[in-house]
Amino acid sequence: MGDRTNHNENSEGPVKKFDTKLIHFGSEVDSTTGASSVPIYQASTFHHHDIFNPPIHDYSRSGNPTRQALEDYIAVLEGGVRGFAFSSGMSAISSTFMMLSAGDHIIVTEDVYGGTYRLLTTILSRMGIESTFVDMTQVEQVKAALKPNTKAVYMETPSNPTLKITDIAEIAAWCQQNDLLSIVDNTFMTPYYQRPIELGVDIVLHSATKFLGGHSDVLAGLAVVRTEELGNRLKYMQNGLGTVLGAQDSWLLIRGMKTLSARMAHSEISSRKLADWLSTRHDIEAVFYPGLPNHPGREVHEKQSTGYGAVVSFDVGSGERAKRVLNEVKLPLVAVSLGAVESILSYPAMMSHASMPKEVRSERGITDGLLRFSVGLEDIDDLIADLEQALENN
Numbered sequence: 377m378g379d380r381t382n383h384n385e386n387s388e389g390p391v392k393k394f395d396t397k398l399i400h401f402g403s404e405v406d407s408t409t410g411a412s413s414v415p416i417y418q419a420s421t422f423h424h425h426d427i428f429n430p431p432i433h434d435y436s437r438s439g440n441p442t443r444q445a446l447e448d449y450i451a452v453l454e455g456g457v458r459g460f461a462f463s464s465g466m467s468a469i470s471s472t473f474m475m476l477s478a479g480d481h482i483i484v485t486e487d488v489y490g491g492t493y494r495l496l497t498t499i500l501s502r503m504g505i506e507s508t509f510v511d512m513t514q515v516e517q518v519k520a521a522l523k524p525n526t527k528a529v530y531m532e533t534p535s536n537p538t539l540k541i542t543d544i545a546e547i548a549a550w551c552q553q554n555d556l557l558s559i560v561d562n563t564f565m566t567p568y569y570q571r572p573i574e575l576g577v578d579i580v581l582h583s584a585t586k587f588l589g590g591h592s593d594v595l596a597g598l599a600v601v602r603t604e605e606l607g608n609r610l611k612y613m614q615n616g617l618g619t620v621l622g623a624q625d626s627w628l629l630i631r632g633m634k635t636l637s638a639r640m641a642h643s644e645i646s647s648r649k650l651a652d653w654l655s656t657r658h659d660i661e662a663v664f665y666p667g668l669p670n671h672p673g674r675e676v677h678e679k680q681s682t683g684y685g686a687v688v689s690f691d692v693g694s695g696e697r698a699k700r701v702l703n704e705v706k707l708p709l710v711a712v713s714l715g716a717v718e719s720i721l722s723y724p725a726m727m728s729h730a731s732m733p734k735e736v737r738s739e740r741g742i743t744d745g746l747l748r749f750s751v752g753l754e755d756i757d758d759l760i761a762d763l764e765q766a767l768e769n770n
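Just so you know, we're using our numbering here: the sequence shown kicks off at 377 and counts up by one.
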C-alpha cells in the first residue's frame, strides 16, 4: 500500500506528510493573539466597519471564522480545493444531493448506510430524483445501470456494514468519461487511510461525528470538492439550506481531528487482531474486514488505501444470539455510531440500517445476526476477553 505523503504542491516550503498536516494545517495558531487553538467565534453577525468594503464574514450562516478554519483543515487533509462543514453527516449528504434536480438519476452502492438509503428512497424520490442500487464490487453492474438521465454515482467504500470494496479510481474515471458527478462517503477510512480526490473523485463526504471527531461528543458532517466550480455550487446549497455547523462544534471537531493519526493507527492494529481472532471461531458464521486474507476486495482496497480501518463486522448466526451477546458485553458501548475512543458494538438491523426493510437488508447481506464492532483505544486483549465471555455464554 502507498504512503500517506500528500503530493500536492505547497508554495510555503517542502510538502508536509499527512501526520504533520494534522497538527500544522494553516490555522493552528491564531494570527492575532498567537493562541495555540483556533478561537471560537460565538457570533451570529459581524460589524461592517466600512460599508463600502464589507468584511469577509457578515453572518454566520454564510461564513464563520471558526467554521472556516475547519473547512480549510479538511480540504488540506483530503487534497481538495475547498471544504464545507455541516450540522451532521446526513446534512452533508443531503446538501450534496440537493445539487441534483427533479428527473435526475443516481447510481448508488447497494449496501449503503441506512440513513442514506432512507433519504434516497423516501425523500428524494418524492422530489423526482431516482436511484438505482448496485453491487459496486462489480464495475460492470455500475456501467449497466447508466441511464440517459444519470447525473451522479455515489460510492461508499468500505461499505457500511458489510465492508465491500469499490474500485474508486476505475469508477471515477468512468464517471469523467460520461460526465457524471462522482461522490464517495469516506467516513470509515478518513483521509488518514484513503483520499478519493487524489483518485479522481469529485466530492468526498464524511460523517465527522465518527472517526474525525473521535470522542462521541460532536455531531458534524464534512465535504471536500475537487474543483472551484463544484465548490461554488455546494456553497450555494450550504448557505441556501442553512445546513451549517456551529462555531462550538467546529472547534470540538478541530480538536478531535488533531489526534486522528494516533487514534486510527492504534485502533487498526487492534482491529486486525480482533478480525483474526473472530476468524478462528467456529461459532461465527462470517467475518468482514478488508485486512483478512480471504476478503474478496482486499487487493482493490490495498490499491487505494493505506490501511484497513477500525471496523469489523461479524455474523453470530441469528438475531436472538446477536441480542444476547449485546446484553452480555461489558466494555464496548452498545450504541449507534462508531469511530470513537471507546469501542462501540452496534446491531445494524435495529440501529444503522433499521430504516432499510428487512427483505432489502437480507438481499444486501445485512443479516439479523450481524454485529458491527468499531474498535476503540482499549487494550485489545481486554476487548477480546470480554467478547469471548459474551459469545461463550450465548
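Glycine residues also receive a C-beta, built at the ideal position from the N, C-alpha and C atoms.
For clarity, every value in this text was computed on a predicted model and none was experimentally measured.
With DSSP as the reference, identify every bridge partner of residue i, one or two as the case may be.
| i | result |
| --- | --- |
| S722 | R748 |
| V620 | F462 |
| L709 | I720 |
| F509 | V484 |
| T421 | Y435 |
Taking only the alpha-carbon atoms, compute the straight-line gap between residue i and residue j and give it to the nearest angstrom.
| i | j | result |
| --- | --- | --- |
| W838 | E516 | No information on residue 838 is available, as it lies outside the stretch 377 to 770 that the chain covers here. |
| F526 | D543 | Residue identity check: residue 526 is Thr in the sequence provided, not Phe. So the two alpha carbons sit approximately 19 Å from each other. |
| Y449 | E739 | 39 Å |
| G693 | S646 | 24 Å |
| S637 | T408 | 28 Å |
| G683 | Y493 | 27 Å |
| T538 | T603 | 31 Å |
| A730 | P724 | 7 Å |
| P356 | H433 | Beyond the ends of the chain as shown, which are 377 and 770, falls residue 356; an answer cannot be given. |
| E532 | A584 | 15 Å |
| R443 | S681 | 28 Å |
| F690 | P672 | 15 Å |
| A451 | A445 | 10 Å |
| E768 | R648 | 21 Å |
| S655 | S420 | 53 Å |
| T485 | T566 | 18 Å |
Going by DSSP, what residue range makes up the alpha helix (DSSP H) through residue i?
| i | result |
| --- | --- |
| S412 | Here S412 belongs to no alpha helix (DSSP H), and DSSP marks it neither H nor E. |
| I541 | Neither: I541 is in no alpha helix (DSSP H) and is coded neither H nor E. |
| R571 | Careful: R571 lies outside any alpha helix (DSSP H) and carries neither H nor E. |
| Q765 | I756 to E768 |
| S738 | K734 to E739 |
| A698 | G695 to E704 |
| A520 | V515 to A520 |
Grab the span of the beta strand (DSSP E) containing residue i for me, first residue to last.
| i | result |
| --- | --- |
| T526 | T526 to E532 |
| S689 | V687 to D691 |
| D561 | L557 to D561 |
| L598 | G597 to V601 |
| S583 | I579 to S583 |
- Query: Taking one C-beta from the segment 609-616 and one from the segment 490-505 each time, how about it: are there three or more such pairs within less than 8 Å?
  - Reply: Verdict: no, contact absent.
- Please go through the segment 436-506 and give each complete alpha helix (DSSP H) segment of 4 or more residues, from N-terminal end onward. If we require 4 residues or more, the alpha helix (DSSP H) runs fully inside the segment 436-506 come out as 441-454, 465-473 and 490-494.
- Item | Cβ contact (3+ pairs, closer than 8 Å) linking the segment 460-468 and the segment 590-609 | The segment 460-468 is in contact with the segment 590-609.
- Taking one C-beta from the segment 744-751 and one from the segment 639-650 each time, how about it: are there three or more such pairs within less than 8 Å? Remark: three or more beta-carbon pairs, one from each stretch, lie closer than 8 Å, so the segment 744-751 and the segment 639-650 are flagged as touching.
- Message: To test your reading of the DSSP string, which unbroken alpha helix (DSSP H) runs of 4 or more residues are found completely within the segment 603-685?
- Response: Segments of the alpha helix (DSSP H) lying fully in the segment 603-685: 604-617, 623-633, 636-655 and 674-680.
- Are the segment 577-586 and the segment 542-557 in contact at 8 Å, needing three or more beta carbon pairs? The answer is yes - the segment 542-557 touches the segment 577-586, with three or more Cβ pairs under 8 Å.
- Message: Can you confirm whether the segment 705-718 touches the segment 758-770 when touching is taken to mean that 3 or more C-beta pairs between the two stretches lie within less than 8 Å?
- Response: A contact exists between the segment 758-770 and the segment 705-718.
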